[in-house]
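Q: Quick note: to get this note's numbering, add 44 to the position in the sequence shown (first position is 1).
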Amino acid sequence: MNKFYFFLWMRWALHLSLNSISLAVVITSAITFLTYAKLGFVEINSEVYKALLDIFKFYFSIVFSISLLFILFRSIKYIFNRCIYGYELKLLSCDKKDVIEVIGYGDLVKVWRKWFMLLIWLVAVCMIVTFFNFFNIYAIYISILISGYFSFIILISRCKKVKVIRC
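1. Using 8 Å as the Cβ pair cut-off and three pairs as the minimum, do the region 85–99 and the region 107–115 touch?
2. From Met45 to Tyr131, what does the alpha carbon distance come to, in whole angstroms?
3. Ile154 to Val146, Cα distance in whole Å?
4. Going by other Cβ atoms of all chains shown within 10 Å of its Cβ, with 16 needed for buried, is Ser195 buried or exposed?
5. Check this for me: beta carbons of Tyr103 and Ile123, under 9 Å apart or not?
6. For Ala68, which residues from the same chain have a beta carbon less than 7 Å from its beta carbon, with the 5 sequence-adjacent residues on both sides left out?
7. Is the CB-CB distance between Thr199 and Lys158 below 9 Å?
8. Taking the straight line between their C-alpha atoms, what separation do you get for Ile65 and His59?
9. Would you grab the beta carbon distance between Lys205 and Tyr129 for me? Rounded to a whole angstrom, and I think it's under 8 Å.
10. Tell me the DSSP bridge mates of Ser136?
11. In terms of alpha-carbon separation, which member of Asn180, Ala57, Ile184 and Arg210 lies closest to Ser119?
12. From Cys170, Ile181, Ser137 and Lys207, pick the residue whose C-alpha is nearest to that of Gly151; which is it?
13. Return helix, strand or coil for Ile190, following the three-state DSSP convention.
14. Just how far apart, CA to CA, sit Met171 and Tyr185?
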């Protein structure tokens, strides 16, 4: 069962990392390109290159924060109905008897709300532990990844709409 939790978390963390970073890079690159286009496509020298890189770095942290929230909502859908080391996480219907095979985002709202609040509390615990070093998005992101592991264990044991079955 420990392998199930670990590889469920690894799958979620990889999905979250790749999608949020790639979305942030694409949007930030578009913002940087539009800024360069607004300048009139001036010749790229070292000064213009450094300025564009500074624009990219500035907007990346802002866009990464927004894309992280967006992908956090989307990533919860992909942890269900996947067989990992002989176990599978299933979402139950409102009467808690039937298993939902095709999961829509409307089915996930209650589970996501519980999971997100649990994740916020676990990140808050990490913030208290690392209080003086916690003032940027990258430290928060690492805390989200660490807290995500524990949130899956707690969510599966406490939420009645989520069940682990053998596959």
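Cβ coordinates follow ideal geometry from the N, Cα and C atoms, glycine included.
A: With the structure as the only source:
1. no
2. For the purposes of this step, residue 45 is taken as the residue at position 1 of the sequence shown. For the purposes of this step, residue 131 is taken as the residue at position 87 of the sequence shown. The alpha-carbon atoms of Met45 and Tyr131 are separated by roughly 8 Å.
3. Against the sequence shown, residue 154 aligns to sequence position 110. Against the sequence shown, residue 146 aligns to sequence position 102. Per the sequence presented here, residue 154 reads as Lys, with Ile not at that position. Lys154 and Val146: Cα-Cα distance of roughly 16 Å.
4. Residue numbering aside, residue 195 sits at position 151 when the sequence shown is read from its first letter. Buried, by the Cβ-count rule.
5. Taking the first residue of the sequence shown as position 1, residue 103 is located at position 59. Taking the first residue of the sequence shown as position 1, residue 123 is located at position 79. No; because the gap between Cβ atoms is not below 9 Å, this pair is not in contact.
6. One-based indexing of the sequence shown puts residue 68 at position 24. Phe104, Val107, Phe108 and Ser111.
7. In the sequence shown, residue 199 corresponds to position 155, counting from 1. In the sequence shown, residue 158 corresponds to position 114, counting from 1. This sequence places Leu at residue 199; Thr is not what is there. Their beta carbons are under 9 Å apart, which means Leu199 touches Lys158 by this criterion.
8. Against the sequence shown, residue 65 aligns to sequence position 21. Against the sequence shown, residue 59 aligns to sequence position 15. When rounded, the distance between both Cα atoms is 10 Å.
9. Reading the sequence shown from its first residue, position 161 is the one you call residue 205. Reading the sequence shown from its first residue, position 85 is the one you call residue 129. So it is not a contact: roughly 22 Å between Cβ atoms.
10. Numbered from its first residue, the sequence shown carries residue 136 at position 92. According to the sequence provided, residue 136 is Leu. The question's Ser does not apply to it. Answer by DSSP bridge pairing, in chain order: Val143.
11. Indexing the sequence shown from 1 puts residue 119 at position 75. With distances taken between Cα atoms, Ser119 lies closest to Ala57.
12. On the sequence shown, position 107 is the one that residue 151 refers to. The question names Gly, yet the displayed sequence has Asp at residue 151. Of the candidates Cys170, Ile181, Ser137 and Lys207, the one whose C-alpha sits nearest the C-alpha of Asp151 is Ser137.
13. The sequence position of residue 190 within the sequence shown is 146, counting from 1. Three-state DSSP puts Ile190 in a helix.
14. Locating residue 171 in the sequence shown gives position 127, where the first residue counts as 1. Locating residue 185 in the sequence shown gives position 141, where the first residue counts as 1. Rounded to whole angstroms, Met171 to Tyr185 spans 11 Å at the Cα level.
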